[in-house]
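Sequence positions in the sequence shown follow our numbering and run 2 to 237.
The C-beta atom is built at its ideal place from N, Cα and C for all residues, glycine as well.
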Amino acid sequence: MTKQTVLGRVARLAKANINALLDQAEDPQKMLDQLIRDYTDNIAEAEQAIAATIGNLRLMEQDHREDVEAAEEWGGKALAASRKADELRAAGQSADADRFDSLAKVALGRQLRSEGEASTAEPTIAAQTEVVDRLRSGLEQMKSKLTQLRAKRDELVARAASAQAQNRMMDAVKSIDVLDPTSELSRFEDKVRREEARALGKQELAASSLDAQFEELEAMGDRAEIEARLAALKSR
Numbered sequence: 002m003t004k005q006t007v008l009g010r011v012a013r014l015a016k017a018n019i020n021a022l023l024d025q026a027e028d029p030q031k032m033l034d035q036l037i038r039d040y041t042d043n044i045a046e047a048e049q050a051i052a053a054t055i056g057n058l059r060l061m062e063q064d065h066r067e068d069v070e071a072a073e074e075w076g077g078k079a080l081a082a083s084r085k086a087d088e089l090r091a092a093g094q095s096a097d098a099d100r101f102d103s104l105a106k107v108a109l110g111r112q113l114r115s116e117g118e119a120s121t122a123e124p125t126i127a128a129q130t131e132v133v134d135r136l137r138s139g140l141e142q143m144k145s146k147l148t149q150l151r152a153k154r155d156e157l158v159a160r161a162a163s164a165q166a167q168n169r170m171m172d173a174v175k176s177i178d179v180l181d182p183t184s185e186l187s188r189f190e191d192k193v194r195r196e197e198a199r200a201l202g203k204q205e206l207a208a209s210s211l212d213a214q215f216e217e218l219e220a221m222g223d224r225a226e227i228e229a230r231l232a233a234l235k236s237r
């Protein structure tokens, strides 16, 4: 994958509106899971691209420094050769002076070439530096988005679990509505009331039987008293 492609993807994902994406999703949790995978994969790709870009940039910067240093070195050699030529010419050694002037010209030519190479590399270095800065900025935004996505996913999962629990509770409450005469609880209450009524009936029945026995006992006492009084009358 080219750096341009990675850069474009990083910029696109870094600017992505997560809330808008979730609003359009049929299954927000699946959408978030997919986004997390996409962001994780693209962050890894972006890191590799940035590492390669930085590596190339550092090589160009090293070459540039070497060209600058070479230009300075050749400039120093040219100066030394020119001074030597001046000394020899002042001493009347024109042939040797011309030779050192030739060496100075060669050194100046090398200096000029090194300066040209350094100057040519500078725009490319500047452009690559900008690319690295943009990639780094986009990468940081993507990492921030990834953290946001994971937090959103955890929040969504928690909300979904809470909603499911509330629905289950409401269904359970609805199934045992105490105001519903057809509910199991109402039928159980009716059964208890019938048992209580039966017990009351038995208590009343037992009480009436006991009263009858006492009434019979009282009647027997009355009959015995009558018989006794009748016997007393006859004895007189």
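For this session: Classify residue 115 as buried or exposed, calling it buried when 16 or more other Cβ atoms lie within 10 Å of its own Cβ.
Result: Within the sequence shown, the letter at position 114 stands for residue 115. With 16 or more Cβ atoms within 10 Å of its Cβ, residue 115 is classed as buried.
Exercise. Going straight from the alpha carbon of residue 38 to that of residue 136, what length do you get?
Worked result: Here residue 38 is taken as the residue at index 37 of the sequence shown, counted from 1. Here residue 136 is taken as the residue at index 135 of the sequence shown, counted from 1. Approximately 20 angstroms, taken between the alpha carbons.
Problem set entry | Inter-residue spacing [alpha-carbon to alpha-carbon] between residue 89 and residue 101 | To locate residue 89, count along the sequence shown from 1; it is residue 88. To locate residue 101, count along the sequence shown from 1; it is residue 100. About 9 angstroms.
Exercise. Between the Cα of residue 140 and the Cα atoms of 190, 85, 155 and 52, which residue gives the shortest distance?
Worked result: Position 139 of the sequence shown holds residue 140. Per the Cα distances, 52.
Exercise. Closest by CA to residue 36, which one among 164, 152, 161 and 172?
Worked result: Numbered from its first residue, the sequence shown carries residue 36 at position 35. Taking only the C-alpha atoms, the option nearest residue 36 is 152.
For this session: Work out the CA separation of residue 105 and residue 83 for me, nearest whole Å.
Result: Walking along the sequence shown from the start, residue 83 turns up at place 82. Walking along the sequence shown from the start, residue 105 turns up at place 104. Each residue's alpha carbon lies about 6 angstroms from the other.
Problem set entry | Contact check, residue 143 vs residue 47, beta carbons under 8 angstroms | Here residue 143 refers to the residue found at position 142 of the sequence shown. Here residue 47 refers to the residue found at position 46 of the sequence shown. Cβ atoms of residue 143 and residue 47: closer than 8 angstroms.
For this session: Mind reading off the beta-carbon distance from residue 60 to residue 130? Whole number of angstroms is fine, and I expect it under 8 angstroms.
Result: Reading the sequence shown from its first residue, position 59 is the one you call residue 60. Reading the sequence shown from its first residue, position 129 is the one you call residue 130. Not a contact, Cβ separation roughly 13 angstroms.
Problem set entry | CA nearest to the CA of residue 121, picked from 65, 190, 164 and 49 | Sequence index remark: in the sequence shown, residue 121 carries index 120 (1-based). If we check each option's Cα against that of residue 121, 65 comes out closest.
Exercise. So what does DSSP say about residue 92, is it helix, strand or coil?
Worked result: Counting from one through the sequence shown, the residue named residue 92 turns up at place 91. Note: residue 92 maps to coil in three-state DSSP.
Exercise. What does a CB cutoff of less than 8 angstroms around residue 55 pick up in its chain, not counting 5 residues either side in sequence?
Worked result: As a first step, residue 55 must be located in the sequence shown, where it is residue number 54. The answer, listed in chain order, is 133.
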